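With UniProt numbering, the residue at position 120 of the sequence shown is 120, and numbering never jumps. The C-beta atom is built at its ideal place from N, Cα and C for all residues, glycine as well. The model shown is predicted, which means the values in this text are computed figures rather than measured ones. Presented below is the structure to which this report refers.
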Amino acid sequence: MPEDAPKILVRHQDAEAFVGALLEATGVSRRNAGIVARALVQADLRGVESHGINRIPSYLARIQNGVLDPKAEPQLTSVTPVVAQVNGNNGFGFPAAHCAMEAAISMAQTFGIGMVTVKHSNHFGMSAWIVRQAIDAGMMSLVFTNSSPALPVWGGKSRLMGVSPIACGAPGGENSIPFILDMAPSVAARGKIHKALRRGEKIPLDWALDKHGRPIDDPEEALKGLMLPIGGPKGSALAIMMDVFSGVLSGSAFAGGVAGPYDMSKPGDVGHFIVAIKPDLFMSLDEFRQRMDVLYQRVVGSDKMEGVDRIYFPGEIEQLTEEKRLEEGIPFVQAEVDALNAEAERLGVAKIRQIVS
Ligand SMILES: NC(=O)c1ccc[n+]([C@@H]2O[C@H](COP(=O)([O-])OP(=O)(O)OC[C@H]3O[C@@H](n4cnc5c(N)ncnc54)[C@H](O)[C@@H]3O)[C@@H](O)[C@H]2O)c1
């Protein structure tokens, strides 16, 4: 199916209610179902469709296969006044990460900084929703996770590290938007290859190698092969960094031991590393915000290269997409809607509501 295949529009509230109902039907508590649904729909709103509600069929398959516990509740343990740990208890990664960021924010409000590791968790989708949780509380943040093997270490020929995203953020000022960096250490997130497969599209040749080590544009063959790191050894080192902080430090799986969201064989045992930082530790909040305004204006007002119409701040393209989709609805292709409705039918839940034009 080409990029311009007809799209079906869904309002974000309807997408959220639909996903919440599917999850509750599998035994997830109303609160946790709401956290998962909001995070997935936020990804679709921001144009990160690779980590949106289309992940639901694979998450539900993991529940059906007994490798993810829908009823698990994250358990928080305080370690020092500014450090805590969450045990995800093999439940969804979303409530575990939400609980960790909530604790980190609370510690940062009192002590300026809060650091929480999460162990025995699962995939938490798009990292930016956790960065947003911090921004909504007026906090800067670091959000790291590890993930299943997909990428070779530099010089290696087999998958060892995850395509583990590095995310961080800072609130903006009166005349700027928040800074939100959320990037995989690979040329593209693996979820973008799954999205191309769902949509019957080809992928650019610089994203992945097939199992023989050749550049490949077929998403199915790419998923059997290797993801390519950004910047050669530097991208592979960033993936190792995510494993050090999220896996080794937390007590979760590491060094290739994490199971991915499409793997039905074992619990994910994913680890996360989450830090919240109060932005007015070294100056007044007003001054911090004014300095963010200066940074933003200098970045987006920078001299443009030939052929460039506009310069964006990290997170800005996603914010603009969100503003549009909040108004117009989220576009899906028929195959995606069909896969979601098949789950609804199986679980006795109403089908997803579409915008009828
Ligand atoms: N949970 C997991 O295990 C997992 C694994 C991999 C990726 N992911 C998610 O996949 C998503 C996509 O990752 P990605 O690396 O493909 O992202 P991406 O390449 O689309 O964007 C990376 C960053 O670059 C910024 N950016 C992109 N284009 C820009 C431009 N023209 N000007 C200025 N800034 C720009 C974006 O705002 C973003 O912060 C992320 O949300 C990530 O969290 C999750």
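Give the straight-line distance between the Cα atoms of Arg11 and Ile330, rounded to the nearest whole angstrom.
-> For the purposes of this step, residue 11 is taken as residue 11 along the sequence shown, with counting starting at 1. For the purposes of this step, residue 330 is taken as residue 330 along the sequence shown, with counting starting at 1. So the two alpha carbons sit approximately 6 Å from each other.
Using 7 Å as the cut-off, classify the Cβ of Ala124 as near or not near the heavy atoms of ligand 1, replying yes or no.
-> Residue 124 sits at position 124 when you count from the first residue of the sequence shown. Just to set this straight, residue 124 is Phe in the shown sequence, not Ala. Within the cutoff, so yes.
Buried or exposed for His212, please, with buried defined as at least 16 other CB atoms from any protein chain shown within 10 angstroms of its CB.
-> Position 212 of the sequence shown holds residue 212. Exposed: under 16 other Cβ atoms inside 10 Å.
Run the CB neighbour count on Phe111, radius 10 Å, all protein chains shown included, and call it buried at 16 or more, exposed below.
-> Stepping through the sequence shown from its first residue, residue 111 is reached at position 111. Phe111 should be labelled exposed.
Put Lys202 into one of helix, strand or coil per three-state DSSP.
-> As a position in the sequence shown, residue 202 is number 202, starting the count at 1. Note: Lys202 maps to coil in three-state DSSP.
Counting only the same chain and skipping the five closest in sequence on each side, list residues whose C-beta sits under 7 Å from that of Ala222.
-> Counting from one through the sequence shown, the residue named residue 222 turns up at place 222. Excluding sequence neighbours, Ala222 sits near Ile193, Ile203, Trp207, Ala208, Asp210, Ile216.
Is it true that the segment 70-80 meets the segment 240-249, where meeting means three or more beta-carbon pairs spaced less than 8 Å apart?
-> no
With distances taken between CB atoms, is the gap from Ile113 to Val275 smaller than 8 Å?
-> Here residue 113 refers to the residue found at position 113 when the sequence shown is read from its first residue. Here residue 275 refers to the residue found at position 275 when the sequence shown is read from its first residue. Yes; because the gap between Cβ atoms is below 8 Å, this pair is in contact.
Can you list, in chain order, the residues of its chain whose CB lies under 6 Å from that of Pro267, leaving out five sequence neighbours each side?
-> By one-based count along the sequence shown, residue 267 stands at place 267. Closer than 6 Å at the Cβ level, and outside the excluded window around Pro267, lie Val67, Asn90.
Where do the N-terminal and C-terminal ends of the beta strand (DSSP E) with Asn54 fall, by residue?
-> The count along the sequence shown starts at 1 and reaches residue 54 at position 54. Unbroken run through Asn54: none, as it is neither H nor E.
Where does Pro215 fall in DSSP's three states?
-> In the sequence shown, residue 215 corresponds to position 215, counting from 1. Correct three-state label for Pro215: strand.
Take Glu318 as the anchor and find which of Arg132, Val294, Ala339 has the nearest alpha-carbon.
-> By 1-based counting over the sequence shown, the position of residue 318 is 318. Answer by Cα proximity: Arg132.
Among the residues of its own chain, which have a CB less than 6 Å from the CB of Val83, if the five just before and after it don't count?
-> Indexing the sequence shown from 1 puts residue 83 at position 83. Met115.
C-alpha gap between Gly20 and Lys304, whole angstroms = Translated into the one-based positions of the sequence shown, residue 20 becomes position 20. Translated into the one-based positions of the sequence shown, residue 304 becomes position 304. Cα to Cα, the separation comes out at about 44 Å.
Can you tell me the Cβ-Cβ gap for Phe254 and Asp243, rounded? I've got them flagged as a contact below 8 Å.
-> To locate residue 254, count along the sequence shown from 1; it is residue 254. To locate residue 243, count along the sequence shown from 1; it is residue 243. About 5 Å; that satisfies the 8 Å criterion.
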